[in-house]
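*Asks:* Below is one structure. I have some questions about it.
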Amino acid sequence: MARTFDDLVAEADAASVDGWDFSWLDGRATEERPSWGYQRLLSRRLTEVSAAVDLNTGGGEVLAGIEEISESRPPFPPTMAATESWPPNAIRASRLLHPRGVVLVATEDRPPLPFTDESFDLVTSRHPIAMWWTEIARVLRPGGTYLGQHIGPATMIELTEFLLGPMPDKGAQYAPDVQRAGAEAAGLQVVDVRLERLRAEFFDIGAIIYFLRKVIWIVPGFTVEGHLDRLRELHERIESDGPFVAHATRVYFEARKP
Numbered sequence: 001m002a003r004t005f006d007d008l009v010a011e012a013d014a015a016s017v018d019g020w021d022f023s024w025l026d027g028r029a030t031e032e033r034p035s036w037g038y039q040r041l042l043s044r045r046l047t048e049v050s051a052a053v054d055l056n057t058g059g060g061e062v063l064a065g066i067e068e069i070s071e072s073r074p075p076f077p078p079t080m081a082a083t084e085s086w087p088p089n090a091i092r093a094s095r096l097l098h099p100r101g102v103v104l105v106a107t108e109d110r111p112p113l114p115f116t117d118e119s120f121d122l123v124t125s126r127h128p129i130a131m132w133w134t135e136i137a138r139v140l141r142p143g144g145t146y147l148g149q150h151i152g153p154a155t156m157i158e159l160t161e162f163l164l165g166p167m168p169d170k171g172a173q174y175a176p177d178v179q180r181a182g183a184e185a186a187g188l189q190v191v192d193v194r195l196e197r198l199r200a201e202f203f204d205i206g207a208i209i210y211f212l213r214k215v216i217w218i219v220p221g222f223t224v225e226g227h228l229d230r231l232r233e234l235h236e237r238i239e240s241d242g243p244f245v246a247h248a249t250r251v252y253f254e255a256r257k258p
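Counting in the UniProt record's numbering, the final residue of the sequence shown is number 258, and the numbers go up one at a time with none missing.
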């Protein structure tokens, strides 16, 4: 028997959205992955430096996964730190990363970073909401590298506009040229920038609700109650037409401090 709209909504609205693990969506949604393979690339870069920090580490899942794919033992440099500003994620990341020798630093959601000048050979970040280029440049050692996978412009725009209406300028601050300009203004030399648009499919309304509760920048201020009519309409569309298709955008970004 097909599950009702109310059943799917109740299940997704009650699910925990702490951390950056999306396994709850297994079998309910899919998303293409960027061609550059960020986690494996990060694993290799960490073996080449003596001190690194991962900014906005979420629940620590990306760094924890390095241990499984790394061909180096230990997989992290002698000095390895991570930062996180959302308390539930900071707690989760601390529990996950401390046994692996990574120091988790709980931070404010604004500059400055709590590190001295020229502390790290490598600064990394996956899906930061804001880029603190001046701070990144400050904590990098001369010759050091910033490596990141960023949100791109108009990511999941189809889902945003279904619930909120037309938003032609959504995510303009994440455009590759804007990101490049910010890094260069901070004194960094941009080495590589790439943009990819990746297909995502949602197979039921519960998957969409869970995703929007977890990835809060897609529909800012999202609540089930506040968007109930449009969610019901979207549920009916999926039931009649099949999966809802949207597209994530991702930017690979690498820069160097002279």
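For glycine and all other residues, C-beta sits at the position ideal for the given N, C-alpha and C.
Fully enclosed by the stretch 90-130, which beta strand (DSSP E) runs are 3 residues long or longer?
*Replies:* Every unbroken stretch of the beta strand (DSSP E) spanning 3 or more residues and falling wholly within the stretch 90-130 is given here in chain order: 103-106 and 120-126.
*Asks:* Quick check on proline 142: does DSSP put it in helix, strand or coil?
*Replies:* Within the sequence shown, numbered from 1, the residue matching residue 142 stands at position 142. Strand at proline 142.
*Asks:* Pull up the CB-CB distance for phenylalanine 120 and leucine 97, whole angstroms please, since I reckon it's below 8 Å.
*Replies:* Looking up residue 120 in the sequence shown gives position 120. Looking up residue 97 in the sequence shown gives position 97. Going by Cβ atoms, the distance from phenylalanine 120 to leucine 97 rounds to 16 Å, so no, they are not a contact pair.
*Asks:* Of all the alpha helix (DSSP H) runs that stay within the bounds of the stretch 148-184, which reach a length of 4 or more residues?
*Replies:* 157-164
*Asks:* Compare the Cα-Cα distances from glycine 226 to each of Ile157, Ile209 and Val215 and report the closest residue.
*Replies:* Residue mapping note: residue 226 aligns to position 226 of the sequence shown, counting from 1. Closest option to glycine 226, Cα to Cα, is Ile209.
*Asks:* Measuring alpha carbon to alpha carbon, tell me which of Val224, Gln149 and Leu234 ends up nearest isoleucine 129.
*Replies:* Working through the sequence shown from its first residue, we reach residue 129 at position 129. Selected option, being the one with the closest Cα: Gln149.
*Asks:* I need the boundaries of the beta strand (DSSP E) containing arginine 237, first residue and last residue.
*Replies:* The residue given as residue 237 occupies position 237 in the sequence shown. Per DSSP, arginine 237 lies in no beta strand (DSSP E); the unbroken alpha helix (DSSP H) holding it starts and ends at 228-241.
*Asks:* Taking contact to mean at least 3 C-beta pairs separated by less than 8 Å, is the stretch 83-95 in contact with the stretch 45-62?
*Replies:* yes
*Asks:* Per DSSP, what kind of secondary structure is residue 270 in: helix, strand or coil?
*Replies:* This structure leaves residue 270 out entirely; the chain is present only between 1 and 258.
*Asks:* Ignore the nearest five residues each way along the sequence and tell me which others in leucine 41's own chain have a CB closer than 8 Å to its CB.
*Replies:* Along the sequence shown, read from residue 1 onward, the residue named residue 41 stands at position 41. Counting only Cβ-Cβ distances below 8 Å, and skipping sequence neighbours, we find Leu147.
*Asks:* Quick check on the DSSP output: the alpha helix (DSSP H) that includes glutamate 68 runs from which residue to which?
*Replies:* Here the question's residue 68 lines up with position 68 in the sequence shown. That run of the alpha helix (DSSP H) goes 61-69.
*Asks:* Apart from the five residues just before and just after glycine 19, which ones in its own chain have a Cβ nearer than 7 Å to its Cβ?
*Replies:* Residue 19 sits at position 19 when you count from the first residue of the sequence shown. Gly58, Gly59, Glu61, Asn89 and Arg92, listed in sequence order.
*Asks:* Alpha carbons only, please: which of Gln173, Ser50 and Ser43 is nearest the one belonging to isoleucine 69?
*Replies:* The residue labelled residue 69 in the question sits at position 69 within the sequence shown. Nearest C-alpha to isoleucine 69: Ser43.
*Asks:* Can glycine 152 and leucine 212 be called in contact, C-beta distance under 7 Å?
*Replies:* Within the sequence shown, residue 152 is the residue found at index 152, counting from 1. Within the sequence shown, residue 212 is the residue found at index 212, counting from 1. The answer is no: Cβ separation not under 7 Å.
*Asks:* DSSP three-state label for threonine 30, please.
*Replies:* Here residue 30 refers to the residue found at position 30 of the sequence shown. Correct three-state label for threonine 30: strand.
*Asks:* Would you mind stating whether proline 34 and arginine 232 have Cβ atoms separated by less than 7 Å?
*Replies:* The residue you call residue 34 lines up with position 34 of the sequence shown. The residue you call residue 232 lines up with position 232 of the sequence shown. Taking 7 Å as the Cβ cut-off, proline 34 and arginine 232 do not qualify as a contacting pair.
*Asks:* Keeping to the same chain, check which residues put their C-beta closer than 6 Å to that of tryptophan 36; ignore five residues upstream and five downstream.
*Replies:* As a working mapping, residue 36 is identified with position 36 in the sequence shown. So the qualifying residues of the chain are Tyr252.
*Asks:* Compute the Euclidean distance between the alpha carbons of arginine 180 and methionine 131, then round it to the nearest angstrom.
*Replies:* Indexing the sequence shown from 1 puts residue 180 at position 180. Indexing the sequence shown from 1 puts residue 131 at position 131. C-alpha separation (whole angstroms): 11 Å.
*Asks:* Apply the 10 Å Cβ neighbour rule to proline 87 and answer buried if 16 or more other Cβ atoms are within range, or exposed otherwise.
*Replies:* On the sequence shown, position 87 is the one that residue 87 refers to. Label assigned to proline 87: exposed.
*Asks:* Whose C-beta lies closer than 6 Å to the C-beta of residue 269 among residues of the same chain, with five residues either side of it excluded?
*Replies:* Outside the displayed span of the chain (1 to 258) sits residue 269, for which this structure offers no information.
*Asks:* What three-state label does DSSP hand leucine 188 in the structure shown?
*Replies:* Taking the first residue of the sequence shown as 1, we reach residue 188 at position 188. Correct three-state label for leucine 188: coil.
*Asks:* Once you ignore the five residues that flank aspartate 26 on each side, which residues in its own chain have a CB closer than 7 Å to its CB?
*Replies:* For the purposes of this step, residue 26 is identified with residue 26 of the sequence shown, where counting begins at 1. Closer than 7 Å at Cβ, skipping near neighbours: no residue.
*Asks:* From Gln189, Gly242 and Leu122, pick the residue whose C-alpha is nearest to that of residue 327; which is it?
*Replies:* There is no way to answer for residue 327, as the model of the chain reaches only from 1 to 258.
*Asks:* Who are threonine 249's beta bridge partners in DSSP?
*Replies:* What you label residue 249 is simply residue 249 of the sequence shown in a count that begins at 1. Paired residue(s): Arg197.
*Asks:* Using 10 angstroms around the beta-carbon of glutamate 71, count the other beta-carbons present and answer buried if the total reaches 16, otherwise exposed.
*Replies:* On the sequence shown, residue 71 is found 71 positions in, with the first residue counted as 1. By the 10 Å Cβ count, glutamate 71 comes out exposed.
*Asks:* Looking at the structure shown, is proline 134 part of a helix, part of a strand, or coil, going by DSSP?
*Replies:* Within the sequence shown, residue 134 is the residue found at index 134, counting from 1. Per the sequence presented here, residue 134 reads as threonine, with proline not at that position. Reduced to three states, the DSSP call for threonine 134 is helix.
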